[in-house]
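According to full-length UniProt numbering, the sequence shown is numbered sequentially starting from 1.
Note sheet for the following structure.
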Amino acid sequence: MRRISVEQVQTSERFYRIPKVLVESVYYRQMSTESKFTYAILKDRFELSLKNNWVDENGDVYLIFTVEELQSILGYGKNKVIKIKKELAEYGLLEEVRQGLNKPNLLYLGNVTSDLENVNSDFPQAKPLPEAEVSKSNFQKFQNQTSRSSKNKLQEVSGPNSNDTNLSDPDISEYSSRKAGADTPTPDSSGEEYIKPEYYSLLQVIANKYNDRYLYPEGYALTHSQKMQIGQYLASGYVLSNEVLDLIDQIPHDCQSPLAYLLKSLENLREERRLEEKMNAHRQAQEYYAG
Numbered sequence: 001m002r003r004i005s006v007e008q009v010q011t012s013e014r015f016y017r018i019p020k021v022l023v024e025s026v027y028y029r030q031m032s033t034e035s036k037f038t039y040a041i042l043k044d045r046f047e048l049s050l051k052n053n054w055v056d057e058n059g060d061v062y063l064i065f066t067v068e069e070l071q072s073i074l075g076y077g078k079n080k081v082i083k084i085k086k087e088l089a090e091y092g093l094l095e096e097v098r099q100g101l102n103k104p105n106l107l108y109l110g111n112v113t114s115d116l117e118n119v120n121s122d123f124p125q126a127k128p129l130p131e132a133e134v135s136k137s138n139f140q141k142f143q144n145q146t147s148r149s150s151k152n153k154l155q156e157v158s159g160p161n162s163n164d165t166n167l168s169d170p171d172i173s174e175y176s177s178r179k180a181g182a183d184t185p186t187p188d189s190s191g192e193e194y195i196k197p198e199y200y201s202l203l204q205v206i207a208n209k210y211n212d213r214y215l216y217p218e219g220y221a222l223t224h225s226q227k228m229q230i231g232q233y234l235a236s237g238y239v240l241s242n243e244v245l246d247l248i249d250q251i252p253h254d255c256q257s258p259l260a261y262l263l264k265s266l267e268n269l270r271e272e273r274r275l276e277e278k279m280n281a282h283r284q285a286q287e288y289y290a291g
């Protein structure tokens, strides 16, 4: 056996991350390990969904992941994969929407529970959510949205569609953002700047990742006002969403105020980009007048 070194731990390779609450809480202790791992695999597809603009009219991100693909990745038969999906649905972590016409179902992931009372209680037996179906009035919207996705990818795409998230972004978590982040004061919401709705889905993915790291057991979660603070950096055009996700990964594990650290990092990045822009403009002006 070749032992893992410190350098490998710090750099690591691509990997899937499972929210701690799925492993450590009473609520999810009876969920099968296969279902927990499958949830992590499905979460890992979120970045691909954003790059393909797979966001519906309500701002919810969906996945396109066939049973055959899951069979190939998990190494299970069809019946086993269907059983796993059924269990995720019973816990409110997966919903399928039929498109019809032999098209693959759209998959929506649910939030893991962040309610402290639920986390410390056994999961009550529940019936699986009924499989939804896209109505005829909305089917064309989904069809057009899916067909346009390959043409309307975000500029952050650096290569062909991949099933793997980047090394520096192994996880996009599904914690909800109900509790206020205790690590830094929330500014007065009356001073918030308007953030365009087009950034909302990106901000939720960012919040989910932050909450996945700090909600359990630390109890930190981004509030709406704090998400809007981060949104101002995205709206400025100087910071990209994948850079915010990378900065969350780079927050030291022993950091006492992770949100303050993140906001300071975003401010430094924005100022660095502004300075670069000014220097480029100055250089271009010099070249223009010199010529």
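Backbone N, C-alpha and C fix where the C-beta goes; we use that ideal spot for every residue, glycine too.
Owing to the predicted nature of the structure, the values given are computational and were not obtained by experimental measurement.
Residue j beta carbon less than 8 Å from that of residue i
{"i": "residue 49", "j": "residue 62", "result": "yes"}
{"i": "residue 36", "j": "residue 18", "result": "yes"}
{"i": "residue 70", "j": "residue 81", "result": "yes"}
{"i": "residue 102", "j": "residue 96", "result": "no"}
{"i": "residue 31", "j": "residue 91", "result": "yes"}
{"i": "residue 93", "j": "residue 112", "result": "yes"}
{"i": "residue 270", "j": "residue 238", "result": "yes"}
{"i": "residue 227", "j": "residue 266", "result": "no"}
{"i": "residue 292", "j": "residue 262", "result": "Residue 292 is absent from the model: the chain starts at 1 and stops at 291."}
Buried versus exposed call for residue i [16 or more other C-beta atoms within 10 Å across all chains shown]
{"i": "residue 59", "result": "exposed"}
{"i": "residue 5", "result": "exposed"}
{"i": "residue 258", "result": "buried"}
{"i": "residue 33", "result": "exposed"}
{"i": "residue 142", "result": "Per-residue confidence for residue 142 stands at a pLDDT of 46, beneath the threshold of 50, marking its modelled position as unreliable; the derived number appears in the next sentence. Buried is the call here."}
{"i": "residue 47", "result": "buried"}
{"i": "residue 301", "result": "Outside the displayed range of the chain (1 to 291) lies residue 301, so it cannot be described from this structure."}
{"i": "residue 210", "result": "buried"}
{"i": "residue 254", "result": "exposed"}
{"i": "residue 289", "result": "exposed"}
{"i": "residue 122", "result": "exposed"}
{"i": "residue 14", "result": "exposed"}
{"i": "residue 3", "result": "exposed"}
{"i": "residue 207", "result": "buried"}
{"i": "residue 229", "result": "buried"}
{"i": "residue 150", "result": "Caution applies to residue 150, whose pLDDT of 38 falls short of 50 and renders its modelled position unreliable; the value that the coordinates give is listed next. With fewer than 16 Cβ atoms within 10 Å of its Cβ, residue 150 is classed as exposed."}
{"i": "residue 89", "result": "buried"}
{"i": "residue 292", "result": "Since the first and last residues shown for the chain are 1 and 291, residue 292 lies out of range."}
{"i": "residue 52", "result": "buried"}
{"i": "residue 45", "result": "buried"}
{"i": "residue 213", "result": "buried"}
Opposing strand residues paired with residue i [DSSP bridges]
{"i": "residue 106", "result": "97"}
{"i": "residue 63", "result": "107"}
{"i": "residue 55", "result": "61"}
Any chain C beta carbon closer than 8 Å to residue i
{"i": "residue 243", "result": "In the structure shown, chain C cannot be found, because there is only a single protein chain."}
Is there contact between the segment 21-38 and the segment 221-238, where contact requires at least three CB pairs shorter than 8 Å? no
For the 8 Å Cβ check, are there 3 or more pairs between the segment 229-243 and the segment 62-82? no
Taking contact to mean 3 or more Cβ pairs, one atom from each stretch, closer than 8 Å, check whether the segment 272-289 and the segment 240-253 are in contact. no
Runs of alpha helix (DSSP H) lying entirely within the segment 219-287, each at least 4 residues, in chain order: Segments of the alpha helix (DSSP H) lying fully in the segment 219-287: 224-235, 241-250.
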